[in-house]
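To start, the structure itself, in structure tokens.
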Amino acid sequence: MPRFIPYILLCSALFLSGCQNWQIQDIENLPPPAALPESSIAGEVQVFYWDNISGNSVEALISNEAFPESPDSIELLNELRRTPERGSNYGSLVRGYILPPATGAYTFFVSGDNETEFWLSPSADNTQKQLVAEVPAWTYELVYTKYASQRSSDIQLTAGNRYYFEIIHKEGSGGDHFSVAWEGPGLNREIISGQNIASFAGEPISELSEQGAEESYRLGYSVGYLDGSEGLAFNPNFPPLDEDQDGIYDNWEIVHSLDSTDPTDANSDPDNDLLVAADEFLLGTSENNPDTDGDGIPDGDEFALGIDPLDPSDAQGDLDGDGFTNLEEYLAGTNPADSASIPEAEPISDLTYARGFAGQYFDGIDFDQFLSARNDETIQFQSSSGSFAEGQPSDYFSAKWFGEFTPPPF
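Just so you know, the sequence shown maps onto residues 1 to 410 in UniProt numbering.
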């Protein structure tokens, strides 16, 4: 019988264009608050340490009375990486600015042991920072693929601008480390180095504990939405009820079967969607439903991908433009944000074969801007019109052809 040999032909033009210094400072000899430099210094950032704090969670650090005003020691980093073996039961905070080398879309990756968060502002304003990637438990050093939440969505940055960032890290026992890497224009994945960072300066570190306008608005909206949904009486008192001081409105904890007197449940995840209760409260998702919008993609995965866990329609979107919906890719175990990661075709019995090839045509050279598909009797290697398909530009385009070779019988 004939033997079928699968193949894929790709046609595209391709253009390609990648240390650590430690200085320990004695906090007793530094002026308050926490010895922020008067001016930003390129090539380095400060890391603040708080010792003798047990637990693995970031919450254990930020709820400590010494945070953020009174760290035990300060060091300088010249890349966004803390190597292992500093010790156990401590917390870390890094603040500074990202300096992108080129304008374009960047993806950030974080690893750490134990919990580690990476916050980034869309500007140099530290009050606008947003959590873009996190390690919810622990990873091995430089491993960025254990959890979907370790990877940010694509973030547009402009060369010449500064972008405020924070790394918050908590170590319990065992291994200890953290790092932040990125991919972007002309960059394969690599640790963010000294040439792309600068130290934070000018504002007291105590501002970390103050709510920015966006965070305050989100808190107020979450409280009002919950009370309205449950038919509770209007209560204008500020701050909202929070008996255990875990950052979650007491009524929300009661509705979602949490304990309003237990501060530790803010970092619990009863529905196993990789979003802790404190995150779900501010996002508006349900703590007891891993898929709040019912679109088939868990809330934590949607948040990590940068899509809305409250919008069921985005499951039918196509983040990477590869022709497969976000839901199809999630169910297949492929990456909805990576056009090179696509579901494998399932074998089909009783195939009816057509002569020729299945052609897919794209704008650009990264196979991420799908235009059209058709059956071609032959593979085109050149075109008098300058492109292979209607709607393609005459330059900077790409194409894929798929099919099966059937050898002739002997």
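Heads up, the beta-carbon is just placed ideally off N, CA and C, and yes, glycines get one too. Fair warning: this is a prediction, and the values are worked out from it, not measured in the lab.
Do residue i and residue j have their C-beta atoms within less than 9 Å of each other?
i	j	result
residue 312	residue 299	no
residue 73	residue 200	no
residue 53	residue 119	no
residue 320	residue 341	yes
residue 411	residue 382	Because the chain in this structure spans residues 1 to 410, residue 411 falls outside the shown range and cannot be described.
residue 268	residue 242	no
residue 376	residue 322	no
residue 78	residue 193	yes
residue 111	residue 49	no
residue 155	residue 105	yes
residue 117	residue 47	no
residue 316	residue 362	no
residue 157	residue 186	no
residue 85	residue 176	yes
residue 222	residue 282	yes
residue 246	residue 266	yes
Label residue i either buried or exposed according to how many other C-beta atoms from any shown protein chain fall within 10 Å of its C-beta, with 16 as the threshold for buried.
i	result
residue 142	exposed
residue 136	buried
residue 100	buried
residue 97	buried
residue 344	exposed
residue 196	buried
residue 309	buried
residue 355	exposed
residue 395	exposed
residue 293	buried
residue 225	exposed
residue 65	exposed
residue 173	exposed
residue 189	exposed
residue 181	buried
residue 231	exposed
Indicate the three-state DSSP secondary structure (helix, strand or coil) for residue i in the structure shown.
i	result
residue 41	coil
residue 107	strand
residue 188	strand
residue 227	helix
residue 94	strand
residue 281	helix
residue 199	strand
residue 328	helix
residue 375	strand
residue 267	helix
residue 255	helix
residue 55	coil
residue 221	helix
residue 337	coil
residue 250	helix
residue 369	coil
residue 394	coil
For the ligand ATP, is there any heavy atom lying closer than 8 Å to the beta carbon of residue i?
i	result
residue 107	No copy of the ligand ATP appears in this structure; indeed no ligand is present at all.
Since residue i and residue j are thought to touch, with beta carbons under 8 Å apart, how far apart are those beta carbons, to the nearest angstrom?
i	j	result
residue 303	residue 275	6 Å
residue 153	residue 337	7 Å
residue 357	residue 402	7 Å
residue 95	residue 132	Wrong, their Cβ atoms sit about 15 Å apart, outside the cutoff.
residue 364	residue 398	7 Å
residue 81	residue 191	5 Å
residue 170	residue 60	6 Å
How far does the beta strand (DSSP E) with residue i in it extend, from its first residue to its last?
i	result
residue 404	397-405
residue 73	73-77
residue 130	130-135
residue 65	Careful: residue 65 lies outside any beta strand (DSSP E) and carries neither H nor E.
residue 358	357-363
residue 168	163-171
residue 241	Here residue 241 belongs to no beta strand (DSSP E), and DSSP marks it neither H nor E.
residue 116	116-120
residue 155	155-157
Considering just the uninterrupted stretch of the alpha helix (DSSP H) at residue i, what are its terminal residues?
i	result
residue 60	58-62
residue 301	299-305
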